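When you line the sequence shown up against my numbering, it's residues 1478 to 1627, in that order.
We put the CB at the ideal spot given by N, CA and C, even for glycine.
Computed from a predicted structure; not experimentally measured.
Below: the structure, in structure tokens.
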Amino acid sequence: MSKKLFVRLLVALSFLVAAVFFLLSVLKVEPFTDFSASWAGVIFAGISGLALLFSAIGTKNSVQLKKLQIALSAALLAVAALCLIFALALPENLILPIILVVLAVMLVLGVLITGGKKWDEGDNHKAGYKNYYQRKAEEEKNKQNQNDDE
């Protein structure tokens, strides 16, 4: 099973589980009577955010794609934290600090996962890179050496 398929399947299954649990709570099935839409949001957004985060960590995509996955993961985990706050009915003054902590953790993970590389870093930053004029001078020197040998 490919990694992309696994992540997509995990997200789809989390949505299915959240929807079924919410349906069971509406139908007043005994263990799910306290289940609410907030808990469904926690399940779906939390699992989806973690799946995207692990996908960004585990794949060798471009740096730009990894940063996008980490940003989406941070947004989903912030939504999950917000849903958890509403599900637990925590005081409103905790909402912003929890979201900021989640976003800060994602920012740190983004730097660690991508290694701090910029997506547009060119060849001229690599060791041993020669610009156009240096390559042309080297070609001329090689031609001169070949003519001298003959």
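Point to revise | Of the residues TYR1606, ILE1547 and GLY1605, the one placed nearest LEU1580, counting alpha carbons only | key: Nearest to LEU1580 by C-alpha distance, out of TYR1606, ILE1547 and GLY1605, is ILE1547.
- I think ALA1557 touches GLY1526, with their Cβ atoms under 8 Å apart; what is that distance to the nearest whole Å? 6 Å between Cβ atoms; contact.
DSSP on ASP1645, reduced to helix/strand/coil? Past the boundaries of the shown model lies residue 1645; the chain is included only from 1478 to 1627, so the question cannot be answered.
* For the segment 1525-1543 against the segment 1493-1511, are there 3 or more C-beta pairs whose distance is under 8 Å? -> No contact exists between the segment 1525-1543 and the segment 1493-1511.
Practice item. Pull up the distance between the alpha-carbon of ARG1612 and that of ILE1590, whole angstroms please. Key: Straight through space, the alpha carbons of ILE1590 and ARG1612 are spaced by roughly 35 Å.
*ALA1551 versus VAL1519 - alpha carbon distance*: Approximately 14 Å, taken between the alpha carbons.
Just list the alpha helix (DSSP H) runs in the segment 1481-1550, keeping only unbroken ones of 4 residues or longer that don't cross its boundaries, in chain order.
1514-1535, all fully within the segment 1481-1550.
Q.
Let's see if you can read the secondary structure: which residues bound the alpha helix (DSSP H) around ASN1622?
A. Its alpha helix (DSSP H) spans residues 1609-1626.
Distance check for ALA1614 and GLN1623, CA to CA, integer angstroms please. The alpha-carbon atoms of GLN1623 and ALA1614 are separated by roughly 14 Å.
> Taking the C-alpha atoms as reference points, what is the distance between SER1513 and LEU1504?
Replying inline: So the two alpha carbons sit approximately 12 Å from each other.
Per-residue DSSP class, three states only, for ALA1566: Three-state result, ALA1566: coil.
Note to self: Rounded to whole angstroms, what is the Cα-Cα separation between LEU1565 and ASP1511?
What the structure shows: Rounded to whole angstroms, LEU1565 to ASP1511 spans 11 Å at the Cα level.
If you reduce the DSSP assignment to three classes, tell me which class GLY1605 lands in.
In the displayed model, GLY1605 falls within coil according to three-state DSSP, outside both helix and strand.
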